[in-house]
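Chains as they are written, first to last, in my numbering: chain Y, 1 to 393; chain X, 394 to 795.
Just so it is clear, CB atoms sit at the ideal spot from N, CA and C, and this is done for glycine as well.
These numbers come from a predicted model, not from an experiment.
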Amino acid sequence: MFELAPSFFELTPEQEGTRRQAREFGEREVAPRAAEIDEQDVFPWDLWHKMAQPPYRYTGMFIPEEYEGWPRKIFDICLICEEVTAAGKLALAGVLMEMPGVGPTAILKGGNEEQKRKCLPPIVRGEGMGAFALTEPGVGSDAAAISTRAEYVNGKYVLNGRKRYTSFASIAMWVVVYAKTGPTKGARGISAFLVEQPNQGFLIIDRVPCMGARGHQDEEVLLQNCTLPKESLLGEEGKGLKYALATLDETRTTLCGGFIGLARAAMEEGINYARERVVFGRPIAQYQGVCFPLAEVAVEIEAARLLMYKAAWLADKGVRHTAETAAAKVFASQVLLKATNLAVEVHGGFGCTKRYPIERMFRDGRVWVFAQGTPNIQKLIVARDLFKPIRIE
Amino acid sequence: MGFSFDLTPEQEELRRQAAEFARREIAPLAAEIDEKDDSQLLLSVGQKMAQPPYRYLGMHIPEEYGGHPRSLIDICIIMEEIAAIGQSAICAASIEGALLSPGPFIKGGSEEQKKKYLPLIARGEERISFCLTEPGIGSDVAGLETRAKLVDNTWVLNGRKRYASFAHVADYHVVFAKTDPEKGARGISAFVVPGGTPGFTVIERIPCIGMRGHQDEEVLIEDCRIPKENLIGEEGRGMRYALGALDESRTTLTSGFIGLARAALEEGVRFSKARKAFGQPIAEFQAISFPLTEVAIEIEAARLLAYKAAWLGDQGIRHTAETAAAKAFASQLLIKATNVAVEVHGGFGGTKRFPVERMLRDGRIWVFAQGAPNIQKLIVMRDLYKRLEPPPGLVEELAARA
Chain Y
1 MFELAPSFFE LTPEQEGTRR QAREFGEREV APRAAEIDEQ DVFPWDLWHK MAQPPYRYTG
61 MFIPEEYEGW PRKIFDICLI CEEVTAAGKL ALAGVLMEMP GVGPTAILKG GNEEQKRKCL
121 PPIVRGEGMG AFALTEPGVG SDAAAISTRA EYVNGKYVLN GRKRYTSFAS IAMWVVVYAK
181 TGPTKGARGI SAFLVEQPNQ GFLIIDRVPC MGARGHQDEE VLLQNCTLPK ESLLGEEGKG
241 LKYALATLDE TRTTLCGGFI GLARAAMEEG INYARERVVF GRPIAQYQGV CFPLAEVAVE
301 IEAARLLMYK AAWLADKGVR HTAETAAAKV FASQVLLKAT NLAVEVHGGF GCTKRYPIER
361 MFRDGRVWVF AQGTPNIQKL IVARDLFKPI RIE
Chain X
394 MGFSFDLTPE QEELRRQAAE FARREIAPLA AEIDEKDDSQ LLLSVGQKMA QPPYRYLGMH
454 IPEEYGGHPR SLIDICIIME EIAAIGQSAI CAASIEGALL SPGPFIKGGS EEQKKKYLPL
514 IARGEERISF CLTEPGIGSD VAGLETRAKL VDNTWVLNGR KRYASFAHVA DYHVVFAKTD
574 PEKGARGISA FVVPGGTPGF TVIERIPCIG MRGHQDEEVL IEDCRIPKEN LIGEEGRGMR
634 YALGALDESR TTLTSGFIGL ARAALEEGVR FSKARKAFGQ PIAEFQAISF PLTEVAIEIE
694 AARLLAYKAA WLGDQGIRHT AETAAAKAFA SQLLIKATNV AVEVHGGFGG TKRFPVERML
754 RDGRIWVFAQ GAPNIQKLIV MRDLYKRLEP PPGLVEELAA RA
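Have a look at this one:
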């Protein structure tokens, strides 16, 4: 009777397989370790090694084959990030999925062949870690304002400044450091440098413990006459920020998968608990004060997933998707905060104890939403897009 | 095939056509219909909708009965444009009425009934009012109190109906009444009552905050006698007929909500770029631009939920929960979007100089159409709790600690 519309909302059998496999990885390798990783707050090398093993090879998802990578479509990475995080119930699992996408960007875009061959395969093999040093004590998303300087002196670059939230710097084999070579040129005066470890001028001066996403290492770095051979400049002078942001639209998209996965895990915990916990003679699931907020979260999780899928679909088609990704990320951030908060609410006082995993998810969610640009920065991106095309007469 | 978010060129054309219709035929009348609460003016717009090439009133009616069937996704596309560009909830709702009212005839009617009533609806020539809700009964229809008894081969109806849209001008009324009061929802049958039948009286018209032009009427049914053959389909299946098309029409209704939310958003964005405060357009203040941005994001999210439900419907897959999810979400969005639009306009937004105050009033009432938001949540909740089982051991653990 009706004409069929184009195929909109189906996963392919291969994608279903990818998702199943990711779920199995999350259940088997992440979930049993989640509480311990959170408790100890130490980088879980064992998990990193396992992520690198076939058939998963999640450490190679963002890296080209010629550097031993195992590239996948953005859409498929979204599926994997959601499932691993949902089944593993741990933000750090999602963070680790993102690292090979975020850390090496400048090396991929600006590095020479030798640098790529040296830096990338150890990440893919799960043997090493790379880090990304852009944020400073006073500067975050408005990266053009960084004050770390790089000066060219006698055929070498000398870096001085301070970096903050340099994830995994203490265990990294290399760190990409962003510094100003042209201090008067704003964003176009920033260059990217490859700092191989150890380096006498690269000092980790503090590790800042964090409420959530533990196992992740937020480190403060002092660059004190950090001297580098001139080949350490990645690509061209002044193009550092361009390299840094080049893959951000992609990794922000897949990051949404992690947010959605963790929100889903929290919702599922809430539902399970509500069905069994009895108050005034019946399960609390039967009280609409409990079940309706959970139903709202379920609806919003599906909405967030569709926004992410659309952004990923655009990415895989090669269409610009900056605003769509930012929209998905704003929305998924709100869902994650709401879902984890609600799950605690449903559990009552128990929900704050270590007996249940949701207090961890709550802490994880609260900090994770700031990764790769705060929700307010994402809104700014969408707002610019929204207010642009309409002309006022 | 995998996921795809492309519209076909035909769908793009449908969208363009609906926008053009709304711009030409609806937008210029939207304020007047609201102002005068003018149902005749509204019905005249309805008749234009029925004309080729639009034929928006026949979209759920098979071709052999004069209809012009379309896929749910296509109807969603049309509904969104009509509401967004026409800026009139009630005109979009007219299309919805024409989608819902043929349901009992299509699902249960005899060949003769189909031939008689369906073309009338598709052509927009005569009006059929839908009398289901009662003063004490809404979504929980099993408690319906209107009765129908077969006496000497004539059905005799008694009861009271509320929110019977357009009953005073309708040529026919579809009335739901209990033929077997013991059986709850399965004791309800559907009847067609010709306009002007003695015993069927419109006793009150209740003015409404929004959706004006629409007539919410209270009907008294007192010993109203109709021929035996005016029973639609079989006895006891009335609710099944009434609800049969509800998943479909709720899906497309959701797109109407999204359209009106979009209209409010666009008004808000336009105004905020023109209006200045402290020397700059208020759009440059994040307290203005960020709430509008949130609305824009949620509109896209709601649209994708609606499209997904429509896509499932078009594949012949059950989509009750997906549709309820889309509708619950779009309802919240519509309330938020219209409210933000007024907020952005400030005091102007409350005046008749701008259309956003109408949208606010329209949105506030429209969300209750075809099942309140809480009923949609109930549907989602039931589905959600069915799908997830507690992990092994938790039942015992909680029991042991109790």
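Exercise. To the nearest angstrom, how far is it from the Cα of SER7(Y) to the Cα of ARG275(Y)?
Worked result: For the purposes of this step, residue 7(Y) is taken as residue 7 along the first sequence, with counting starting at 1. For the purposes of this step, residue 275(Y) is taken as residue 275 along the first sequence, with counting starting at 1. In this prediction, SER7(Y) scores a pLDDT of 49, lower than 50, which makes its location untrustworthy; no coordinate-derived value is stated.
Exercise. Just reading off the beta strand (DSSP E) that ASN551(X) is part of, what are its end residues?
Worked result: The residue labelled residue 551(X) in the question sits at position 158 within the second sequence. 547 to 558 is the extent of the beta strand (DSSP E) around ASN551(X).
Problem set entry | Member of PRO784(X), GLN763(X), ILE681(X), GLY756(X) whose CA lies at the smallest distance from the CA of HIS738(X) | Here residue 738(X) is taken as the residue at index 345 of the second sequence, counted from 1. Cα-wise, what sits closest to HIS738(X) is ILE681(X).
Exercise. Is THR686(X) close to chain Y, meaning its C-beta is less than 8 Å from at least one C-beta of that chain?
Worked result: In the second sequence, the residue the question calls residue 686(X) occupies position 293. Answer yes: the Cβ-Cβ gap between THR686(X) and chain Y drops below 8 Å somewhere.
Problem set entry | Alpha carbon of LEU435(X) to alpha carbon of ALA560(X), nearest angstrom | As a working mapping, residue 435(X) is identified with position 42 in the second sequence. As a working mapping, residue 560(X) is identified with position 167 in the second sequence. Rounded to whole angstroms, LEU435(X) to ALA560(X) spans 14 Å at the Cα level.
Exercise. Are the C-beta atoms of TYR287(Y) and some chain X residue less than 8 Å apart?
Worked result: Here residue 287(Y) refers to the residue found at position 287 of the first sequence. No, because no Cβ of chain X sits closer than 8 Å to the Cβ of TYR287(Y).
For this session: Drop a sphere of 10 angstroms on the beta-carbon of GLU82(Y), count the other beta-carbons inside from all chains shown, and report buried for 16 or more, exposed for fewer.
Result: Position 82 of the first sequence, counted from the start, is the residue given in the question as residue 82(Y). Answer is buried; the Cβ neighbour count reaches 16.
Exercise. Shorter than 8 Å from the beta carbon of ALA327(Y) to some beta carbon of chain X?
Worked result: Residue numbering aside, residue 327(Y) sits at position 327 when the first sequence is read from its first letter. Closer than 8 Å: yes.
Problem set entry | Euclidean distance between Cα positions of GLU3(Y) and LEU697(X) | As a first step, residue 3(Y) is located in the first sequence; it is residue number 3 there, counting from the start. As a first step, residue 697(X) is located in the second sequence; it is residue number 304 there, counting from the start. The predicted position of GLU3(Y) is uncertain, since its pLDDT is 37 and thus under 50; a value taken from the coordinates is nonetheless stated next. Spanning the two alpha carbons is a distance of roughly 20 Å.
Exercise. What is the residue span of the beta strand (DSSP E) that THR594(X) lies within?
Worked result: The residue you call residue 594(X) lines up with position 201 of the second sequence. That run of the beta strand (DSSP E) goes 593 to 599.
Exercise. Between LEU159(Y) and the rest of its own chain, which residues show a CB-CB distance below 6 Å, the 5 nearest in sequence each way excluded?
Worked result: Position 159 of the first sequence holds residue 159(Y). Hits under 6 Å: ALA150, ALA179, LEU223, CYS226.
Exercise. So what does ASP167(Y) bridge to, in DSSP terms?
Worked result: By one-based count along the first sequence, residue 167(Y) stands at place 167. It is Ser, not Asp, that sits at residue 167(Y) in the sequence shown. DSSP output for SER167(Y) lists no bridge partner at all.
Exercise. Which residue or residues does DSSP assign as beta-bridge partners of HIS216(Y)?
Worked result: Numbered from its first residue, the first sequence carries residue 216(Y) at position 216. According to DSSP, which records beta bridges pairwise, HIS216(Y) is partnered with ARG214(Y).
For this session: Inspect the beta-carbon positions of CYS524(X) and ALA557(X) and report whether they are closer than 8 Å.
Result: Within the second sequence, residue 524(X) is the residue found at index 131, counting from 1. Within the second sequence, residue 557(X) is the residue found at index 164, counting from 1. A contact, by the Cβ cut-off of 8 Å.
Exercise. DSSP state of PHE569(X), grouped into three classes?
Worked result: For the purposes of this step, residue 569(X) is taken as the residue at position 176 of the second sequence. The answer is strand: DSSP assigns PHE569(X) an E or B state.
Exercise. Quick one: is ILE454(X) near chain Y, going by C-beta distance under 8 Å?
Worked result: Position 61 of the second sequence, counted from the first residue, corresponds to residue 454(X). False, the Cβ-Cβ gap to chain Y never drops below 8 Å.
Exercise. Distance, Cα to Cα, ALA169(Y) vs GLU220(Y)?
Worked result: Counted from its first residue, the first sequence places residue 169(Y) at position 169. Counted from its first residue, the first sequence places residue 220(Y) at position 220. Going by the C-alpha atoms only, they are around 9 Å apart.
Exercise. Comparing alpha-carbon positions, which option in LEU241(Y), GLY261(Y), GLN21(Y) lies nearest THR340(Y)?
Worked result: Against the first sequence, residue 340(Y) aligns to sequence position 340. Measuring from the Cα of THR340(Y), the nearest candidate turns out to be GLY261(Y).
Exercise. Taking 8 Å as the CB-CB cut-off, is ALA5(Y) touching chain X?
Worked result: Locating residue 5(Y) in the first sequence gives position 5, counting from the first residue. Its pLDDT being 39, under 50, ALA5(Y) is placed unreliably in this model, and the coordinates cannot settle the point.
Exercise. If we ignore side chains and look at the alpha-carbon of each, how far apart do LEU753(X) and GLU687(X) end up?
Worked result: Translated into positions along the second sequence, residue 753(X) becomes position 360. Translated into positions along the second sequence, residue 687(X) becomes position 294. Distance between the alpha carbons of LEU753(X) and GLU687(X) is about 17 Å.
Exercise. Does DSSP put TYR287(Y) in a helix, a strand or coil?
Worked result: Looking up residue 287(Y) in the first sequence gives position 287. Residue state, collapsed to three classes: coil.
For this session: Spell out the partners DSSP gives TRP174(Y) in its beta bridges.
Result: On the first sequence, position 174 is the one that residue 174(Y) refers to. Paired residue(s): GLY130(Y), GLU196(Y).
Exercise. Where do the ends of the alpha helix (DSSP H) carrying ARG412(Y) lie?
Worked result: Residue 412(Y) lies beyond the residue range present for chain Y, which begins at 1 and ends at 393; the question has no answer from this structure.
Problem set entry | 8 Å Cβ cutoff, ARG19(Y) in contact with chain X | Against the first sequence, residue 19(Y) aligns to sequence position 19. No - not a single Cβ of chain X is within 8 Å of the one on ARG19(Y).
For this session: Would you be able to state if there are at least three C-beta pairs under 8 Å between the segment 572 to 586 of chain X and the segment 654 to 663 of chain X?
Result: Judged by Cβ distances under 8 Å, the segment 654 to 663 of chain X makes no contact with the segment 572 to 586 of chain X, as fewer than three pairs qualify.
For this session: Can you give me the Cβ contacts of VAL773(X) inside the same chain, cut-off strictly under 7 Å, excluding the 5 residues immediately before and after it?
Result: Reading the second sequence from its first residue, position 380 is the one you call residue 773(X). For VAL773(X), where only same-chain residues beyond five positions count, the Cβ hits under 7 Å are ALA714, ALA717, ALA718, ALA721.
Exercise. Got a sec: is the Cβ-Cβ distance from PHE398(X) to anything in chain Y below 8 Å?
Worked result: Within the second sequence, numbered from 1, the residue matching residue 398(X) stands at position 5. Yes, PHE398(X) lies at the interface with chain Y (some Cβ there is under 8 Å from its Cβ).
Problem set entry | Contacts that MET774(X) makes with chain Y (C-beta to C-beta distance below 9 Å) | What you label residue 774(X) is simply residue 381 of the second sequence in a count that begins at 1. Result: ALA285, GLN288, CYS291, PHE292, LEU294, ALA295, ALA298.
Problem set entry | According to DSSP, residues forming a beta bridge with GLN53(Y) | Start at 1 with the first residue of the first sequence, and residue 53(Y) comes out as number 53. Paired residue(s): none; GLN53(Y) is not in a bridge.
Problem set entry | Through-space distance from PRO748(X) to ILE204(Y), alpha-carbon basis | Working through the first sequence from its first residue, we reach residue 204(Y) at position 204. Working through the second sequence from its first residue, we reach residue 748(X) at position 355. Answer to the nearest angstrom: the Cα atoms are 59 Å apart.
Problem set entry | Pair within 8 Å by beta-carbon distance, GLY552(X) and ILE614(X) | The residue given as residue 552(X) occupies position 159 in the second sequence. The residue given as residue 614(X) occupies position 221 in the second sequence. Yes, these two residues count as a Cβ contact at 8 Å.
Exercise. What do you reckon, are the CB atoms on PRO71(Y) and PRO64(Y) nearer than 8 Å?
Worked result: For the purposes of this step, residue 71(Y) is identified with residue 71 of the first sequence, where counting begins at 1. For the purposes of this step, residue 64(Y) is identified with residue 64 of the first sequence, where counting begins at 1. Closer than 8 Å, so yes.
For this session: Return yes when at least one heavy atom of the ligand ZN lies under 7 Å from the C-beta of GLU65(Y), else no.
Result: In the structure shown, the ligand ZN is absent, as is every other ligand, since no ligand is present at all.
Exercise. Short check: CB of ALA326(Y) to CB of GLN372(Y), under 8 Å?
Worked result: In the first sequence, the residue the question calls residue 326(Y) occupies position 326. In the first sequence, the residue the question calls residue 372(Y) occupies position 372. In this structure, GLN372(Y) does not lie closer than 8 Å to ALA326(Y) by Cβ.
Problem set entry | Minimum length 4: unbroken alpha helix (DSSP H) runs contained in the segment 422 to 453 of chain X | 432 to 443
Problem set entry | Length-filtered (4 minimum) alpha helix (DSSP H) runs lying within the segment 225 to 250 of chain Y | Here the runs fully enclosed are 240 to 246.
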